[in-house]
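Residue numbers (the numbering used here), protein chains in the order written: chain G, 1 to 480; chain Y, 481 to 765; chain X, 766 to 1076.
Every residue gets a Cβ at the ideal spot worked out from N, C-alpha and C, and that includes glycine.
For reference, the structure is listed below as structure tokens.
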Amino acid sequence: MNPFEYASAPESTAIVSIKDRYGLFINGKFVAPKSGKYFPTINPATTKKLSDIALANQADVDLAVKSARATYVKVWSKMPPAERGKYLYRIARILQERAREFAVLETLDNGKPIRESRDTDIPLAAAHFFYHAGWADKLQYSGNGSEPKPYGVVGQIIPWNFPMLMLAWKIAPALATGNTVVLKPAETTSLTALLFADVCIQAGLPAGVVNIITGAGSTGAALVNHPGIDKVAFTGSTEVGKLIAISIAGSKKAATLELGGKAANIIYDDAAIDEAVEGIVNGIFFNQGHVCCAGSRLLVQESIQDEVLTKLKARMALIRVGNPLDKNTDLGAINSAEQLAKIKELSNAGDAEGAERWSPPCVLPNEGFWFAPTIFTGVSQTHRIAREEIFGPVLSVLTFRTPQEAIEKANNTPYGLSAGVWTEKGSKILWTASKLRAGVIWANTFNKFDPASPFGGYKESGWGREGGKHGLSAYLKASN
Amino acid sequence: MAENTSSRIDVLKTYKLFIGGAFPRSESARVYPINDFKGVHLANPALASRKDLRDAVVAARTAFPMWSSATAYNRGQILYRMAEILEGRSVQFVDEVSALEGVTSRAALAQVKESVDLLVWYAGWCDKISALDGATNSVSGPFYNFTIPEPVGVVAIFVAVKPSLLNFVGAIASIISSGNTAVVVASEKFPLPAITFAECMATSDLPAGVVNVLTGLASELAPWIASHMDIDAIDASGLLPKLLKEVKIAGVGNLKRIKVPMDIKSPRRILDFMETKTVWHPIGI
Amino acid sequence: MIVDSSTSSLRAFLKTLPAVDEVGAHARAGMLATRSIKTTSKSWAIDTAISMIDLTTLEGADTKGKITGLCAKAVRPDAMDLTTPSVGAVCVYSDMVGIARRKLDEIGGKSIPVAAVATAFPSGRASVAVKAQDTMDAINAGAAEIDMVIDRGAFLSGRYGEVFDEIVRIKELCGARAHLKVILETGELVTLDNVRKASYLAMLAGADFIKTSTGKVTPAATAPVVLVMLEAVRDYFEMTKIRIGVKPAGGIRNTKDAIKQLVLVNEIAGPEWLTPQFFRIGASALLNDLLLQRMKMRDGYYESPLYVTMD
């Protein structure tokens, strides 16, 4: 019996004010959907409804794209770049001011722990706007020629795992480079995007520069297929990414895709073991494992497997699963019933294929969608849980004998988004990094993001990069 | 706002130096008169001595480790905050600038707005300059080789005369954006906006000692600055050719990097006051 | 035996210890610092922290008056609230031990041990003979705990055998009469790798407690340093089934700091260490801040330092 049981420390929700129902944010104001339809959004930790969200149909998408185009032509493309940048600085500052409000709302709608939305998601989102604000009038130095031009109107579709952060990753560079946007948030997590519309209003952003249209898969498809957009930016599953690529083939639309991953987290025997264990935990349990770049395959050098697993299990026993609004919660709710079903299905496949499942003792709440942090040992490359993206708090553990074998196993996947390397030997870090076919490599750390650092994948993890100088080219037509 | 009755007497400002985040008078206790463009007395700013300079360099050197190791994001936010503060105080500067330089209020306001925008511009460079000037170099051999620009250290600045506020702001923003700290000699003729701007710096989370401002005679301070062995570089924009030559000769003692940047608004102005470091590391198991 | 006491054997063993990644250790300590400890757990933490304090005065200007005042405070920290626990120990220079022990016995503090700093504290720069005498003086005067310093000069120049031998020697002198805390002076060791190595050196040589600092050098008991030391005692227990205590000292000034330390103990070493038997906090000003927080939890409003005593 531990005498130091942390009492519950809930963050107050008084700071947010959620409307009963939200319209679409088009041309600087909220309007009712032409479809007349709404759908509920719930808090996945409790299954209680939070609000009703508008379902945009073809006509709504059309209106949004037309607004974006009109504003692009009449206002945004004519605005001096420095002034454009100042709007982004305003947005960044307002996000910093309203950070707590956004963090609480994000946790309510997404299910992630308040500590993460407060300390990671929202600060990074503000930083993305601040960073990109500074590029608006410096594009001639970005490596895209002396006079790069924006595409015009971009259609952006974002996922539910980091709703506000993904919004920032999309909107900030698009606006900085002079484009206007129509953005579709994920079905289960629209609330922070809709609150962001209010930030745009407070910042005085000209109407039509940012348009937010909520809805389901059909809304996204309508946006992607709309002839009035010049470019598509999508973050989501590889499966849907491929469908998008097919639907825009033959058109003039450019596209960037940030898709799935099955990252290898390689622990060499000369790693700083305690920090490596922490890195494993961060790699797969951060954000409930709903991370495209999650370190979902642990590749541990066979000679230290026992030691690492012992420490890992002891560490996992400290993971606090529960109320996302509790400041001490480490692992929150799974975002939806659908996602929970997928995680269960793949975990059951792991059992069936003969891998050995382990979770620390864990009391899961009765209401809501929950999954205990889980590891599978005795996993081979052929197992489904070693090939397919689970997108949940489930780690598959494999071993290797030599650095060459680690590389082979790590690269043996159609994905190529990220990877981790843990060793205290500098040359081995650099050698491993040079051999890994992945767009983001974390050495002696994991899941680190920064607006200045380009992010994106090799192979079926997608096309293009977001963040940094390199991320700008996604939104510019280069000149000489 | 004060009541607009002709009987009300204004409370005139005392213009002191700005060293280590505080506003001391010159240790020499000297001042010199500044008149407006019509010859009417405006103020008695401090006449900085070599000892004030010495103290300013100590303050700048002390502030350098922390400022240069702050994240670029943090430095950018502080520069942006300086812009916020300057924007808010625009009117205060308009009177000062137009009285000194003899320009219209409208032109003075335009200069203030341009100065705000220049601060914003440089704020946006802090976390991007390494993407511009850094590199990974394709050497022949199993080595990872990268080049990064780093701040040079303590930079002394002689501010060009006109436009008084714009030159001041452009000089310090470009130089401190990369992590340098500065000792600034305001222009002899138009020193007041520099001290008023120091009030902005003092209230915008800029750590004490990052920028220090001296008012006084370039001719008196230049020899001491040029020979000071703990100053790493000089922005000599405000020096006349004869004095510049003397400074270059005296600066040879520790091989100061002495530059006269061409543009007030250019990344070159940042890079002029940076060093370049290249690192090699083997790649292998 | 894991090692013999020769420098070469010790050096070989210390080299096998995994490295500490400084950024990662700081990140973990930082995450644990975000734990929000409220209501019942905060009350428990405050009382526990009070009971873990080695109430300390180590000044050249210490006098009988200062020591006896400290002892009174140690036994009864809050005269207006007798439910307040007593502290874990009183910590003084070796020549003040007698005064402290007599006073404590007079005022009902028989169960509070006197800890003495010894071995040419704080620098450790003296002959082994002087250090041994310093230790014996303290024990003979009634010290039940000895806080010794390691020879940092020897450690930093790689003479691990000397560091080891000194600790063994002092431990022998302590015998069954006193438990031994070994001060690593982590501020002078600088790197977390050194903290890990010095921790193991001390544990192998027989320390009952490993202690961060003398309190005379900053930085002292920073969270990453304490984290590494807690990992060391945790792993040492796995290896040997011997449970060694940890004492952070210096820089823990207020309740928030103290609670952060307890969270570190809880989540790094484990709840078995959450007792004065295995965790102490070397502090002086901390006690009053804990009392103010204790009063606030009891009364429901913010308190003033006027309502706690200086000693």
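1. Considering Cα atoms alone, identify which of Arg961(X), Met1060(X), Arg890(X) is closest to Asp786(X).
2. Candidates Asn524(Y), Ile514(Y), Phe503(Y): which alpha carbon is nearest Asp532(Y)'s?
3. Using alpha carbons as the reference points, say which of Ile705(Y), Gly689(Y), Val740(Y) lies closest to Ile499(Y).
4. Tell me the residue span of the alpha helix (DSSP H) that contains Ile354(G).
5. For the alpha helix (DSSP H) containing Glu507(Y), list its first residue and its last residue.
6. Helix, strand or coil for Pro1070(X), going by three-state DSSP, please let me know.
7. Give the residues of chain Y in contact with Lys86(G), contact being defined as C-beta atoms less than 9 Å apart.
8. Under 8 Å between beta-carbons, which chain X residues line up against Asp119(G)? List them in chain order, please.
9. Ala133(G) touches chain Y at which residues, Cβ-Cβ below 8 Å?
10. Where DSSP assigns a beta bridge to Glu755(Y), which residues make up the other side?
11. Is Ser434(G) buried or exposed, if buried means 16 or more other CB atoms sit within 10 Å of its CB?
12. Considering Cα atoms alone, identify which of Ala706(Y), Asn617(Y), Val641(Y) is closest to Arg757(Y).
13. Measure from the alpha carbon of Gly22(G) to the alpha carbon of each residue in Gln288(G), Pro227(G), Ala452(G), Val31(G), then state which is nearest.
14. Taking only beta-carbon positions, decide if Leu430(G) is within less than 7 Å of chain Y.
15. List the residues of chain X that Ala7(G) touches, going by C-beta distances under 8 Å, in chain order.
16. What does Leu124(G) reach in chain X if we use C-beta pairs closer than 7 Å?
17. Is it right to say His290(G) is buried, meaning 16 or more other beta carbons lie within 10 angstroms of its own, or is it exposed?
18. Listed from N- to C-terminal order along the chain, which residues in the region 1027 to 1050 of chain X have their beta-carbon within a distance smaller than 7 Å of any beta-carbon of chain G?
19. Would you tell me roughly how many angstroms separate the C-alpha atoms of Thr235(G) and Pro3(G), rounded to the nearest one?
20. Do Asp819(X) and Gly853(X) have their C-beta atoms within less than 7 Å of each other?
21. Would you verify that the beta carbon of Tyr151(G) is, or is not, closer than 7 Å to some beta carbon of chain Y?
22. Which same chain residues, not among the five before or five after Asp230(G), have their C-beta less than 6 Å away from its C-beta?
23. Is there at least one Cβ from chain G nearer than 7 Å to Met481(Y)'s Cβ?
24. Note down the Cα distance separating Lys669(Y) from Ala706(Y), rounded to an integer number of angstroms.
25. Is it buried or exposed, Glu187(G), if we count other Cβ atoms within 10 angstroms and call 16 or more buried?
26. Do Phe285(G) and Asn447(G) come within 7 Å of each other at the CB atom, strictly closer than that value?
27. Mapping the DSSP letters down to three states, classify Asp769(X) as helix, strand or coil.
28. Is Ser585(Y) buried or exposed, if buried means 16 or more other CB atoms sit within 10 Å of its CB?
29. Quick check on Met481(Y): buried or exposed, where buried means 16 or more other Cβ atoms within 10 Å of its Cβ?
30. Name the residue from Met1004(X), Ile1017(X), Ala972(X) whose alpha carbon lies nearest to the alpha carbon of Ala988(X).
31. Note down, in chain order, every chain Y residue with its Cβ under 8 Å from the Cβ of Phe130(G).
32. Report all residues from its chain with a CB closer than 8 Å to the CB of Val199(G); omit the five preceding and five following residues, and keep chain order.
33. Starting from Leu1039(X) and walking both ways along the alpha helix (DSSP H), at which residues does that stretch end?
34. Do Ala127(G) and Pro451(G) come within 7 Å of each other at the CB atom, strictly closer than that value?
35. Report the residue ranges of all beta strand (DSSP E) runs contained in full by the region 334 to 388 of chain G; include only those spanning at least 3 residues, in chain order.
Walking through what the data contain:
1. Looking up residue 786(X) in the third sequence gives position 21. Closest option to Asp786(X), Cα to Cα, is Arg961(X).
2. Within the second sequence, residue 532(Y) is the residue found at index 52, counting from 1. When only C-alpha atoms are compared, the closest one is Phe503(Y).
3. As a position in the second sequence, residue 499(Y) is number 19, starting the count at 1. The residue with the shortest Cα to Cα distance from Ile499(Y) is Gly689(Y).
4. Here residue 354(G) refers to the residue found at position 354 of the first sequence. Contrary to the premise, residue 354(G) reads as Gly rather than Ile in this sequence. Where Gly354(G) is concerned, there is no enclosing alpha helix (DSSP H), given that its DSSP letter is neither H nor E.
5. Within the second sequence, numbered from 1, the residue matching residue 507(Y) stands at position 27. Taken as a continuous stretch (DSSP letters only), Glu507(Y) belongs to no alpha helix (DSSP H), as it is neither H nor E.
6. Translated into positions along the third sequence, residue 1070(X) becomes position 305. Reduced to three states, the DSSP call for Pro1070(X) is helix.
7. Within the first sequence, residue 86(G) is the residue found at index 86, counting from 1. Near Lys86(G) (Cβ distances below 9 Å), the residues of chain Y are Asp597, Val600.
8. In the first sequence, residue 119(G) corresponds to position 119, counting from 1. Near Asp119(G) (Cβ distances below 8 Å), the residues of chain X are Thr799.
9. Within the first sequence, residue 133(G) is the residue found at index 133, counting from 1. Per Cβ cutoff of 8 Å: Gly604.
10. On the second sequence, position 275 is the one that residue 755(Y) refers to. The partner list for Glu755(Y) (beta bridge, DSSP) reads Glu630(Y).
11. Numbered from its first residue, the first sequence carries residue 434(G) at position 434. It is exposed - the Cβ of Ser434(G) has fewer than 16 other Cβ atoms within 10 Å.
12. For the purposes of this step, residue 757(Y) is taken as the residue at position 277 of the second sequence. Per the sequence shown, the amino acid found at residue 757(Y) is Lys instead of Arg. Among Ala706(Y), Asn617(Y), Val641(Y), the Cα nearest to that of Lys757(Y) is on Asn617(Y).
13. Residue 22(G) sits at position 22 when you count from the first residue of the first sequence. Note that residue 22(G) corresponds to Tyr in the displayed sequence, not to Gly. Of the candidates Gln288(G), Pro227(G), Ala452(G), Val31(G), the one whose C-alpha sits nearest the C-alpha of Tyr22(G) is Val31(G).
14. As a position in the first sequence, residue 430(G) is number 430, starting the count at 1. Yes, Leu430(G) counts as interfacial toward chain Y.
15. Counting from one through the first sequence, the residue named residue 7(G) turns up at place 7. The answer, in chain order, is Ile802, Lys803, Thr804, Thr805, Ser806, Lys807.
16. Taking the first residue of the first sequence as 1, we reach residue 124(G) at position 124. Here the premise fails: no neighbours, minimum Cβ distance about 15 Å.
17. If you number the first sequence from 1, residue 290(G) lands on position 290. His290(G) should be labelled buried.
18. Leu1027, Asn1031, Glu1032, Pro1036, Leu1039
19. In the first sequence, residue 235(G) corresponds to position 235, counting from 1. In the first sequence, residue 3(G) corresponds to position 3, counting from 1. Spanning the alpha carbons of Thr235(G) and Pro3(G) requires a straight line of approximately 45 Å.
20. Reading the third sequence from its first residue, position 54 is the one you call residue 819(X). Reading the third sequence from its first residue, position 88 is the one you call residue 853(X). Yes. Within cutoff.
21. Residue mapping note: residue 151(G) aligns to position 151 of the first sequence, counting from 1. Not an interface residue.
22. Start at 1 with the first residue of the first sequence, and residue 230(G) comes out as number 230. Contacts found: Tyr151, Gly152, Val153.
23. As a position in the second sequence, residue 481(Y) is number 1, starting the count at 1. Only weak support is given to the placement of Met481(Y): the predicted model assigns it a pLDDT of 49, under 50, and the question is left unresolved by the model.
24. Position 189 of the second sequence holds residue 669(Y). Position 226 of the second sequence holds residue 706(Y). CA-CA distance, Lys669(Y) to Ala706(Y), rounds to 21 Å.
25. Counting from one through the first sequence, the residue named residue 187(G) turns up at place 187. Counting Cβ neighbours within 10 Å, Glu187(G) comes out buried, since at least 16 surround it.
26. On the first sequence, residue 447(G) is found 447 positions in, with the first residue counted as 1. On the first sequence, residue 285(G) is found 285 positions in, with the first residue counted as 1. No, the pair does not count as a contact, with Cβ atoms beyond the cut-off.
27. Taking the third sequence and counting its residues from 1, one reaches residue 769(X) at position 4. Reduced to three states, the DSSP call for Asp769(X) is coil.
28. Along the second sequence, one-based indexing puts residue 585(Y) at 105. Exposed: under 16 other Cβ atoms inside 10 Å.
29. Translated into the one-based positions of the second sequence, residue 481(Y) becomes position 1. Because Met481(Y) carries a pLDDT of 49, less than 50, the predicted location of this residue cannot be relied on, and no value is offered for it.
30. Against the third sequence, residue 988(X) aligns to sequence position 223. Checked all of Met1004(X), Ile1017(X), Ala972(X); the closest Cα to Ala988(X) is Ile1017(X).
31. In the first sequence, residue 130(G) corresponds to position 130, counting from 1. Going along chain Y in sequence order, the residues near Phe130(G) (Cβ under 8 Å) are Tyr553, Gly556, Gln557, Tyr560.
32. Reading the first sequence from its first residue, position 199 is the one you call residue 199(G). Once the five neighbours on either side are set aside, the close Cβ partners of Val199(G) are Ile91, Ile94, Leu95, Arg98.
33. In the third sequence, the residue the question calls residue 1039(X) occupies position 274. Note, Leu1039(X): premise wrong, no alpha helix (DSSP H); not H, not E.
34. Here residue 451(G) corresponds to residue number 451 of the first sequence, with the count starting at 1. Here residue 127(G) corresponds to residue number 127 of the first sequence, with the count starting at 1. Yes, they are a contact pair.
35. 356 to 358, 374 to 377
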